[in-house]
Structures are given as structure tokens and as C-alpha cells.
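In this note's numbering, the protein residues as written are 66 to 455.
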């Protein structure tokens, strides 16, 4: 026959249903016709013959039509397709790439060909436009972010780099920063994300989520990063066990104070997850009580690159990390804790009730100090808010 197997199988369901219905009706008709009078025999024969003739027509013609045609003829409507939440989000997702614009409340920025890697030199710029006048900040989440590493000796992004430009402010980033985020104040002027990738590198990839926030959603003033959970992890940018913290970064990592919590503690994520160079040795301190050392005429040590954790009482602050004080404001070297901050069991734990909760990262200009890069990996700290005393 002229029909293919596929067309026969596709058209089989509807015709079978119709044929079965007609056969049932015909059988009932034949049973009734057996009880009629003999003089209507000719009519019975004619009726049965017509029924069989229509059956033959249906068997030959109906299979050439799709089931959808029969559903339309019978008035049967398909139920609306079920769309999962993930599919709905994917369809609503706004994505842009090099040469595009960010002009939505929520936009994803990806490298060309994402999730494929980029291994060729390129420049890439994405313009940012405020969607509403009341937009106050950008929150930029680095879902996936890996471009060239900074200079291992100096920490400067002298090869690959990404710049966030908002008016007259520029924030520079490079290396591996997946899972990190930053907040940037917006302006009515030029705003953009600019990538400068001058050399061949095998593993470049980025997927960035840019959210435009109103005043009620903004992070506190001065906070580059803002963490809202009662506990979590704080990392310096480009933190890797074999990485290098970024030079010329001075910013706050802020934690929202949860209800009923009055203090916060910081502990290293692992035994060697705090490595911010050794302190430098200054000249002898001639002024007793200056706070730079335990006694006058003793060479003091100050941190070149440092992390600052606020102290509860300023009158007991020791500026260096080797003095005899209640609280060390500055932290550097291979341990977060000074000997006075180590618990009885030998574990490192820094606790403070100073509010608002924040850590200041203060990394100076990039310079080669001759220190092994392994001693400048940065920091990873676990934080936990502690309840108020009854």
C-alpha cells in the first residue's frame, strides 16, 4: 500500500477507536434486525452491506491521517504542557555576553561560547544601564570565574584582568573567584564590565550574575562583600591553597548581625588557611606606651599586608601582632592568632563583640619582597555569631 509503517502506526489509535465503536453499533443493529419481520429482510441485508462498505472505506482512508486530525475533528483538546520550575527560570533568564548590555534587574553575563573555555587573547566589554532611577547598588555574583592569575611575586593583575567601572571608580579582579560576590555603588554615568585578556591561556571561563538593587536592598556603606547568614566562610579574593592574594585591595567583609546575637568568632578553615606574609621589623620604639611593642627600645613588628578585626575595647589594642595586649588589631603572618589568642586546647579562635561585624582586608601596593608566594596565599576564615549572655 501507499502508506508507510510510521504513518500507519501514528494514525492507528484514532481509527481503531472509531472502528470498534462502529462494530459495536453494527452488532447491536444486527441483533435487532434478526427479530424484525421477514418482509424487511431485504432492508436488513442492505443495511449490513452499507455498514461493511463504510468499514472498508475507513480502514483504507483513515490511517493516512494523523491522530491530531481526529482529535481536532472530534473536538478533543490537549491539556497544557507541564513546564518545570527550572525550565520556566531558564526561559525567563536574560543572558548577555561581549558587546551586549545589562538593562534588566537580573542579568547573566557569560564568556562567548559558555560553558566552553576561552584560550585566545581578546578584549570584551559589557555596558551596564540602570533600569530605574532608584537603583542604588549592583550585586555581582561570580558563579563561575577563572581567568589568568596575578603575578605570583607582586600580586598585581598585570596580565588577565576584569574591571568593574562605575563612574570614576574602578574595581579590578583576576584569578579564580568562583563563589565570590561584590557590591558596587552605581552612578548615572558610564558603567561597564571590561575584560582584558592579552595572552593565550587555556582555562578562561566566566558566568556572572548582575543584580540591580534598590536602597532597601543595598549592603551597608563601605562593604565590598556582605554576608547575611549567622555563620559562614570569609575568603580573600583569589583564595587558593597555591594562589596569591591580590595587591592594592582595601575593603570590608561585613556580616549582618542576627537577632539575639551579640558577638562573633573567627577561626581558620584549616590549619594553614591563613597566610598573609610575615610582619616587617620597624626601628626601635623610643616611646614607652606607644603600643607597638612590650617595652621601649625594642624593635617592633608591623604588618605590611594585613587583616584587621575590631577589638572590644580600644584602650587595650595592640597594633602589632606580637605585643602584650588584650586584643591584636592587626593580623598577618602564618597564623591568625597571637599567643594570647590561642584557646586552652591550642586552637586558634578570635572573638569580638565590636559591632557592626566586619573584617577589613588591607593589602598594599604590589611589590616583590622576596617572600615565597606560598606565604601569600590569603585567608579562609569560618565565622559564627554567638548569642547574647542572659
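Using N, Cα and C, we set each Cβ at its ideal position, and we do this for glycine too.
Since we're looking at a predicted model, the values are computed, not measured.
Rounded to whole angstroms, what's the CA-CA distance from residue i to residue j? Just pull it up for me.
i	j	result
residue 362	residue 375	Caution is warranted here: a pLDDT of 46 is assigned to residue 362, below 50, making its placement in the model unreliable, and no coordinate value can be reported.
residue 323	residue 329	10 Å
residue 428	residue 242	17 Å
residue 349	residue 192	Any answer about residue 349 is weak, because its pLDDT of 46 lies below 50 and its placement is not dependable; what the coordinates show is given next. Rounded to whole angstroms, residue 349 to residue 192 spans 53 Å at the Cα level.
residue 454	residue 327	8 Å
residue 423	residue 228	25 Å
residue 310	residue 213	13 Å
residue 359	residue 285	Because the pLDDT of residue 359 is 43, which lies under 50, any placement of that residue in the model is unreliable, and the question is left without a value.
residue 404	residue 418	20 Å
residue 441	residue 198	42 Å
residue 185	residue 394	45 Å
residue 253	residue 313	26 Å
residue 209	residue 181	12 Å
residue 438	residue 368	16 Å
residue 280	residue 201	5 Å
residue 273	residue 255	19 Å
residue 336	residue 160	40 Å
residue 271	residue 300	19 Å
residue 170	residue 333	36 Å
residue 416	residue 305	25 Å
residue 165	residue 215	27 Å
residue 407	residue 207	34 Å
residue 290	residue 409	32 Å
residue 194	residue 425	30 Å
residue 222	residue 158	32 Å
residue 377	residue 179	48 Å
residue 155	residue 321	Any reading at residue 155 needs caution, since the residue's pLDDT is 49, under 50, leaving its predicted position unreliable; the model's value is listed next. Taking the straight line joining both Cα atoms gives about 31 Å.
Can you tell me the Cβ-Cβ gap for residue i and residue j, rounded? I've got them flagged as a contact below 8 Å.
i	j	result
residue 341	residue 397	5 Å
residue 431	residue 220	5 Å
residue 236	residue 249	6 Å
residue 303	residue 239	7 Å
residue 196	residue 277	6 Å
residue 224	residue 263	6 Å
residue 298	residue 163	Rounded, the Cβ-Cβ distance is 32 Å, inconsistent with contact.
residue 283	residue 211	The pair is not a contact, with the Cβ atoms about 28 Å apart (cut-off 8 Å).
What would DSSP say about residue i, mapped onto helix, strand or coil?
i	result
residue 170	coil
residue 281	helix
residue 188	strand
residue 455	coil
residue 393	strand
residue 440	helix
residue 333	strand
residue 363	The pLDDT assigned to residue 363 is 42, lower than 50, so where the model puts this residue is not dependable, and the model offers no usable value.
residue 100	The predicted position of residue 100 is uncertain, since its pLDDT is 49 and thus under 50; no value can be drawn from it.
residue 70	For residue 70, the predicted model reports a pLDDT of 43, less than 50, meaning its position is unreliable and no value from the coordinates is stated.
residue 252	coil
Give me the residue from the options with the minimum Cα distance to residue i.
i	options	result
residue 457	449, 373, 258	As displayed, the chain neither begins before 66 nor continues past 455, which places residue 457 out of reach and without an answer.
residue 331	206, 233, 401, 421	401
residue 315	284, 271, 373, 277	373
residue 339	414, 286, 268, 294	414
residue 296	279, 275, 319	319
residue 447	309, 312, 344, 292	292
residue 343	370, 321, 426, 335	370
residue 230	203, 216, 337	203
residue 172	275, 294, 393, 162	275
residue 287	433, 271, 421	421
residue 452	333, 325, 443	325
residue 251	265, 233, 245, 317	233
residue 188	449, 265, 290, 416	265
residue 317	246, 271, 170	246
residue 399	377, 443, 433	443
residue 450	267, 206, 294, 226	294
residue 244	179, 205, 407	205
residue 267	216, 183, 226	183
residue 226	190, 218, 433	190
residue 433	408, 222, 407, 217	217
Check whether chain B comes within 8 Å of residue i, counting only Cβ atoms and requiring the distance to be less than that.
i	result
residue 424	Protein chain content of the structure displayed is limited to a single chain, and chain B is not contained in it.
Those runs of the alpha helix (DSSP H) which lie wholly inside the stretch 194-250 and span at least 4 residues: none
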